[in-house]
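The next block holds one structure in the form of C-alpha cells; read it before the comments.
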Amino acid sequence: MHPLNVLVLEDEPLQRLVTVTALKKVMLGQVHEASSGAEALTLLERATFMDIAICDLKMPGVDGLTFLRHASQGGKLRSVILCSQIDPNLRHATALMIKRLGLNFLGNLGKPFSLERLTTLLTRYQTQRHNRPSPLQQSELPTLADVIRGLDDGEFEPYYQPKVALYDAALQGVEALARWNHPQLGVLPPSHFLSIMEHYNLLDRLFWQVLDQGLALRQKLAERGHALRFSFNLHPAQLASETLTDSITSLLTQFQVPYSSITFEITENSLLDAPASSLENMVRLRALGCDLALDDFGAGYASLDRLCELPFSQIKLDGTFVRKLRHQPRSSAIISSTVALARSLGLSLIIEGVETLEQKERLLALGCLVAQGFLFARPMPESHFIAYCMR
Numbered sequence: 575m576h577p578l579n580v581l582v583l584e585d586e587p588l589q590r591l592v593t594v595t596a597l598k599k600v601m602l603g604q605v606h607e608a609s610s611g612a613e614a615l616t617l618l619e620r621a622t623f624m625d626i627a628i629c630d631l632k633m634p635g636v637d638g639l640t641f642l643r644h645a646s647q648g649g650k651l652r653s654v655i656l657c658s659q660i661d662p663n664l665r666h667a668t669a670l671m672i673k674r675l676g677l678n679f680l681g682n683l684g685k686p687f688s689l690e691r692l693t694t695l696l697t698r699y700q701t702q703r704h705n706r707p708s709p710l711q712q713s714e715l716p717t718l719a720d721v722i723r724g725l726d727d728g729e730f731e732p733y734y735q736p737k738v739a740l741y742d743a744a745l746q747g748v749e750a751l752a753r754w755n756h757p758q759l760g761v762l763p764p765s766h767f768l769s770i771m772e773h774y775n776l777l778d779r780l781f782w783q784v785l786d787q788g789l790a791l792r793q794k795l796a797e798r799g800h801a802l803r804f805s806f807n808l809h810p811a812q813l814a815s816e817t818l819t820d821s822i823t824s825l826l827t828q829f830q831v832p833y834s835s836i837t838f839e840i841t842e843n844s845l846l847d848a849p850a851s852s853l854e855n856m857v858r859l860r861a862l863g864c865d866l867a868l869d870d871f872g873a874g875y876a877s878l879d880r881l882c883e884l885p886f887s888q889i890k891l892d893g894t895f896v897r898k899l900r901h902q903p904r905s906s907a908i909i910s911s912t913v914a915l916a917r918s919l920g921l922s923l924i925i926e927g928v929e930t931l932e933q934k935e936r937l938l939a940l941g942c943l944v945a946q947g948f949l950f951a952r953p954m955p956e957s958h959f960i961a962y963c964m965r
C-alpha cells in the first residue's frame, strides 16, 4: 500500500481519536486531524496535497459542507470519505455534491466506527489510483487533420454491444457504438473524438459510416439465420437534417433490411429545443416502421413530457439507477415505476449498465426483462460479435 496523506475532520473528540488511531494502524503515511472546518482548511492550505479527507458534516462554525466547497477550490484534495449519521437521502445528495465539486467520493464510513469499512474504502482509493489511466499528452491528442484522415482511411467503425433477456441472457438485439481504431493510440471511445467532430460538422460522416457498416453486418447475420434488431445513435445534428429520412430509406433498401428491425436512439437532452425538422424526421421514421428509443431516460429533463409529445416506442433507462440499487433505496422505486410506466404506455424497456449478478437479480425481481451491460458483454468488433452470435 502506498503512503497516504489523510485528513480527519471530526468535532467529537472520541470519534476523532478512534478514527486517527485506526488509520495509523492500517495505513502508511501521515494522518492529520482537525476539530473544525476552519482548522481543516488551514491544514489543507499548508499541505502540498491531501489524498483523502474523512469528513463529518454537522459541526459548529465552518461545517463539513462548507469545508468541502472551499477545499475543492484549492485543488489539493483528491478524495472524500463521509463519516456521518445524516438521513440517507441527504447523504446521497451530499455524495452527488462532492462529485460535482470535482472530488472523488469513496463512500460513507458511517457511525459507529467500523474498521472493516475503513479498510475497504482505503483499499478502494489505492485501487483507483493504481488503475487510473495516465492522461494522453497534449501532443498525443487527436487533431482535426488526424480525425479527417481517420474518416478517409476507414478507421472509424462500429463496436457492437448485445441487448439480452435478463432471465437467460438470450440475445434480443444489438447497439452499434462508434469507435476509432487509431493506428498509434489504439481503440478510442467517443470521448476522444465526438467534441472535435461536433465542432467541425463531421458527425454526418461518422453516422453514415457506422450505419452503412452496421446494416451490412445485419444483412450478413440475417443470411446466416440471425435476423437481429439493430440500434444506432442519432445525434441532434443528424436528426435535424432535411435529407435524413430519404437517405436512411435508400440504405435500408440497398441492404434489404426491414424498417421494423432498426431502432434509432435519441438522448433526452437533445430534444429540449428540437427544431421542426427534427420532429418531422421522428414522425417519418416511425411512419416507416423504425423504432425510436428515448436514450438515457431519467438522466436529463422533462422525460415524461417527451414521452407524451413524441413518438417513442422504447425507453432506455439510464445506468445511474442500476449503479445506485445497492445503496439508494429510491432507485428501486424509480426502476419499478419505470417498468409500470413503459407497460402502461405500450413501450419496450431496456435497462442500461448492468454489471453484477446482484443487480441482475434485483432487476428481475422488479419486473425488468431486457438489459445491456458489462455483465453480459462489452462492446466488441464485428468479428467478435459474429462469433458471439454463432454461439
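Letter by letter, the sequence shown follows residues 575 to 965 in the numbering used here. Note that beta-carbon positions come from the ideal geometry of N, C-alpha and C, so glycine has one too. Values in this document were obtained by computation on a predicted structure and should not be read as measured data.
- Bridge pairing for residue 756: 760 [DSSP].
- When DSSP states are grouped into helix, strand and coil, residue 736 belongs to the strand group.
- Residue pairing of residue 871 in beta bridges, as defined by DSSP: 891.
- Look at residue 663 here: in three-state DSSP terms it is helix.
- Secondary structure of residue 950 (DSSP, three-state): coil.
- A distance below 8 Å between beta-carbons, with the five flanking residues on each side excluded, links residue 903 to the following residues of its chain, in chain order: 662.
- Counting only unbroken stretches of 3 or more residues, the beta strand (DSSP E) elements lying wholly within the stretch 594-662 are 603-608, 624-629, 651-656, in sequence order.
- If you ignore the 5 residues before and after residue 743, its C-beta comes within less than 8 Å of the C-beta of 950, all in its own chain and listed in chain order.
- Counting C-beta atoms within 10 angstroms of its own C-beta, residue 631 has 16 or more neighbours from the protein chains shown and is therefore classed as buried.
- In the same chain as residue 639, and ignoring 5 residues on each side of it, the C-beta atoms closer than 8 Å to its own belong to 631, 668, 671, in chain order.
- By the neighbour-count definition (other C-beta atoms within 10 Å, threshold 16), residue 856 is a buried residue.
- For the set 619, 628, 599, the Cα lying nearest the Cα of residue 607 is the one of 628.
- Contact check for residue 747 and residue 805: beta-carbon distance about 6 Å, within the 8 Å limit, so the pair qualifies.
- Pairwise C-beta distances place the stretch 805-816 in contact with the stretch 774-781, as three or more of them are shorter than 8 Å.
- Cβ-Cβ distances below 6 Å link residue 756 to 762 in the same chain, with the five nearest sequence neighbours on each side left out; the list follows chain order.
- Here residue 913 has 923, 940, 941, 942 as same chain residues with Cβ atoms under 8 Å from its own Cβ, once five neighbours each way along the sequence are excluded.
- Taking C-alpha positions only, residue 592 is separated from residue 928 by approximately 38 Å.
- By the Cβ test, the stretch 892-903 is not in contact with the stretch 848-866, since fewer than three Cβ pairs between them sit closer than 8 Å.
- The distance from the Cβ of residue 766 to that of residue 754 is about 7 Å, consistent with a contact at the 8 Å cut-off.
- Residue 750 is bridged by DSSP to 734, 806.
- For the 8 Å CB-CB criterion, residue 590 and residue 580 do not form a contact.
- Per DSSP, residue 827 lies in no beta strand (DSSP E); the unbroken alpha helix (DSSP H) holding it starts and ends at 818-828.
- For the pair residue 643 and residue 656, the CB atoms are not nearer than the 8 Å cut-off.
- For residue 815, the secondary structure class from DSSP, reduced to helix, strand or coil, is coil.
- Contact between the stretch 718-727 and the stretch 674-687 is absent: fewer than 3 CB-CB pairs across the two stretches fall below 8 Å.
- With respect to the 8 Å criterion, residue 866 and residue 838 are classified as neighbours on the basis of their beta carbons.
- Note on geometry: alpha-carbon atoms of residue 883 and residue 869 lie some 16 Å from one another.
- The beta carbon of residue 953 is closer than 6 Å to those of 733, 735, 751 in its chain, skipping five residues each way along the sequence.
- A distance of 8 Å or more separates the beta carbons of residue 947 and residue 908.
- Here residue 653 really is in contact with residue 699; their C-beta atoms are around 6 Å apart, less than 8 Å.
- Here residue 758 is exposed. Its C-beta has fewer than 16 other C-beta atoms within 10 Å.
- Taken atom to atom, the span from the alpha-carbon of residue 917 to that of residue 911 is near 10 Å.
- For residue 839, the uninterrupted beta strand (DSSP E) segment begins and ends at 836-841.
- C-alpha of residue 603 to C-alpha of residue 905: approximately 38 Å in a straight line.
- CA-CA distance, residue 615 to residue 812, rounds to 49 Å.
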